[in-house]
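S.K.: In my numbering, the protein residues as written are 281 to 499.
Every residue gets a Cβ at the ideal spot worked out from N, C-alpha and C, and that includes glycine.
This structure is a prediction, so every number in the text was calculated from the model and none was measured.
Please read through the structure below; I'll follow up with questions.
Printed below as a string of structure tokens:
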């Protein structure tokens with residue numbers, strides 16, 4: 281296992297490893313930098329008691345019956361996910377988490393679960409700001425009546441899928457959630473968003489949503 285730990289020590293991502301009892305057996309320097317806990321603070325501790333991760337809807341996802349670790353230990357593929365985790369100083373950071381199982385030597389008789397994570401608080405902040413601004417715009421601005429706006433050449437150039445993405449942006453959904461709702465990859469969502477920006481002659485998501493509201497495209 282020392283080879284695994286050596287590799288993780290050189291990772292730019294934060295990394296920690298848990299055993300089959302959900303106890304932390306490894307914690308790298310990047311994890312210390314992101315969350316503040318030192319190796320001696322965490323090794324031997326139960327990960328769910330220490331980190332207490334929550335999802336976007338404030339549901340506790342770190343617990344003694346961790347389904348993520350259970351599925352991963354059975355070699356089930358697990359997509360990246362966002363989680364709100366506690367730091368040593370008591371505040372919380374949004375992290376994007378990737379996990380996988382590392383198969384131990386046969387004589388050890390068990391596997392470990394590796395967690396790799398990176399700080400995404402700036403992205404989450406941008407999503408929250410966008411949602412708040414959209415609500416302010418909706419509150420203070422009435423949409424024009426009728427469907428004349430659909431004659432606008434910019435609007436007419438949008439595809440039905442781009443309309444779907446634009447409407448979900450207006451509801452405050454971040455890229456990963458739009459992908460889940462439309463059953464497409466986040467990269468495809470980003471491509472659609474870029475096409476929307478180009479077609480509407482705007483520079484960012486907020487401008488696109490404001491333009492759509494002004495044109496009466498969004499209810």
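Extract the residue ranges of the beta strand (DSSP E) inside the stretch 320–369, only unbroken runs of 3 or more that lie entirely within it.
M.R.: 361–366
S.K.: Can you tell me the Cβ-Cβ gap for residue 379 and residue 341, rounded? I've got them flagged as a contact below 8 Å.
M.R.: Actually they are not in contact, since the Cβ atoms of residue 379 and residue 341 sit about 12 Å apart, beyond 8 Å.
S.K.: Quick check: the Cα distance between residue 450 and residue 493, rounded to an integer number of angstroms?
M.R.: 9 Å
S.K.: Per DSSP, what kind of secondary structure is residue 461 in: helix, strand or coil?
M.R.: helix
S.K.: Using C-beta distances below 8 Å, list every residue in its chain close to residue 369, excluding the 5 sequence neighbours before and after it, in chain order.
M.R.: Correct list, in chain order: 316.
S.K.: Starting from residue 437 and walking both ways along the beta strand (DSSP E), at which residues does that stretch end?
M.R.: Unbroken run through residue 437: none, as it is neither H nor E.
S.K.: What first and last residue would you give for the beta strand (DSSP E) that runs through residue 376?
M.R.: 372–382
S.K.: Taking all protein chains shown into account, do 16 or more other C-beta atoms lie within 10 angstroms of the C-beta of residue 483, making it buried, or fewer, making it exposed?
M.R.: Residue 483 sits exposed, since fewer than 16 C-beta atoms from the chains shown fall within 10 Å of its C-beta.
S.K.: Give every residue of the same chain whose Cβ lies closer than 7 Å to the Cβ of residue 377, excluding the five residues on either side of it in the sequence, and list them in chain order.
M.R.: 360, 361, 363, 395 and 397
S.K.: Quick one: what's got a C-beta closer than 8 Å to residue 343's C-beta in the same chain, skipping five residues either side?
M.R.: 328
S.K.: For residue 387, which residues in the same chain have their Cβ closer than 7 Å to its Cβ, ignoring the five residues on either side in sequence?
M.R.: Unreliable placement is indicated for residue 387, whose pLDDT of 48 sits below 50; the coordinate value is still reported in the next sentence. So no residue of the chain qualifies.
S.K.: Leaving out five residues before and five after residue 331 in sequence, what residues of the same chain have Cβ atoms less than 8 Å from its Cβ?
M.R.: 315, 342, 365 and 366
S.K.: Whole-angstrom Cβ separation of residue 400 and residue 375, contact assumed at under 8 Å?
M.R.: Confirmed, about 6 Å.
S.K.: Residues in its own chain within less than 6 Å of residue 469 by CB, not counting five upstream and five downstream?
M.R.: 455, 458 and 459
S.K.: Could you compute how far the alpha carbon of residue 286 sits from the alpha carbon of residue 313?
M.R.: 17 Å
S.K.: What is the rounded straight-line gap between the Cα of residue 265 and the Cα of residue 321?
M.R.: Nothing in the structure corresponds to residue 265, since the chain is present only between 281 and 499.
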